[in-house]
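Peer 1:
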Amino acid sequence: MRIIMLGAPGSGKGTQTQLLSKYFYIPFISAGEILRQESKKNEKTKSYIENKINQGKLVNNSFIINLIKKKIKKKNCFNKFILDGFPRTIKQAESLKKHIKMQFVIHLKISTHNILNRITGRLIHTSSGRTYHKTFNPPKRKNKDDLTGELLSKRKDDDKKIIITRLEEYRKLTTPLIDWFKKEDLKQNVKYIEINANKSIHEINKKIILYINKNNKK
Ligand code: AP5
Ligand code: MG
431 MRIIMLGAPG
441 SGKGTQTQLL
451 SKYFYIPFIS
461 AGEILRQESK
471 KNEKTKSYIE
481 NKINQGKLVN
491 NSFIINLIKK
501 KIKKKNCFNK
511 FILDGFPRTI
521 KQAESLKKHI
531 KMQFVIHLKI
541 STHNILNRIT
551 GRLIHTSSGR
561 TYHKTFNPPK
571 RKNKDDLTGE
581 LLSKRKDDDK
591 KIIITRLEEY
601 RKLTTPLIDW
611 FKKEDLKQNV
621 KYIEINANKS
631 IHEINKKIIL
641 YINKNNKK
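Okay, structure coming up:
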């Protein structure tokens with residue numbers, strides 16, 4: 431099972447990825463998470479990555495492609511994986527296609543109003559990447575991670591001004607990828623589905639699982 435999660439910032443890619451990974455027992459690779467961990471390694475990389483993320487801009491295609499390729503090899507996930515937030519440009523998709531046979535593309539479609547509500551209320555556990563929401567998906571204990579009890583925090587790029595740039599980048603660089611995937615679907619290289627991501631976490635998850643179970647047998 432090889433799943434790609436596509437969608438605007440705050441559409442729920444990370445949330446659904448974690449649920450699907452548990453449900454199907456498959457590893458996941460989150461592009462944003464890899465970049466955030468990578469930025470802790472050395473000063474040069476840190477300033478490049480942080481600069482891009484905190485401006486709301488995408489990092490260079492070859493930079494992220496190399497990191498993802500390494501992760502796929504390391505985690506030995508050529509046949510089963512969930513990719514959260516990769517590819518997000520046609521260049522990235524074409525590069526991935528050379529190495530891996532994609533199977534499902536789950537496109538989470540969401541309104542801008544909901545994006546803003548979700549992103550401004552998000553809380554994260556920095557070391558694991560676990561995500562919560564103050565109102566929609568609160569931790570069991572206020573501001574504490576459910577598993578470790580450590581303090582939760584806000585992502586620096588979850589700032590109203592930066593969100594505007596993130597959305598612009600999505601419109602400019604990622605929306606052309608949607609048509610690219612639709613064409614791949616027509617060629618039967620991939621199964622592409624649009625899911626209404628304005629619904630509850632549980633409803634969305636149920637829909638994705640149903641779709642995958644139905645189409646994985648074919
Ligand atoms: P990344 O970390 O991937 O950020 P993003 O794409 O902007 O997406 P988010 O993580 O903000 O949202 P999400 O869709 O995962 O939503 P979540 O599940 O958390 O990337 C960060 C940066 O890294 C990029 O801006 C770029 O600079 C760089 N980067 C990453 N990948 C790259 C690539 N491929 N190429 C180049 N650069 C790259 O949910 C959001 C909130 O809503 C949470 O609080 C959650 O609890 C809540 N929530 C989720 N679902 C629901 C629901 N159904 N109802 C109510 N609340 C919900
Ligand atoms: Mg995410």
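Residue numbers (our numbering): 431 to 648.
The beta-carbon is built from N, C-alpha and C at its ideal position, and this holds for glycine as well.
None of the values given here were measured: they were computed from a predicted structure.
1. Using only the heavy atoms of the ligand MG, determine whether one of them is closer than 6 Å to the beta carbon of lysine 443.
2. So what's leucine 607 in DSSP terms, helix, strand or just coil?
3. Cβ of aspartate 589 within 7 Å of Cβ of leucine 582?
4. Is the shortest distance between the beta-carbon of isoleucine 549 and the beta-carbons of chain D less than 7 Å?
5. For asparagine 472, which residues of its own chain have a beta-carbon under 6 Å away from its beta-carbon, when the five flanking residues on both sides are left out?
6. Does the beta-carbon distance from glutamate 624 to histidine 537 come in below 7 Å?
7. In terms of alpha-carbon separation, which member of Ser460, Ile642, Arg432 lies closest to methionine 532?
8. On the three-state DSSP scale, how would you describe asparagine 619?
Peer 2: Let me lay it out:
1. yes
2. helix
3. no
4. Of the protein chains in the structure, only one exists, and it is not chain D.
5. none
6. yes
7. Arg432
8. coil
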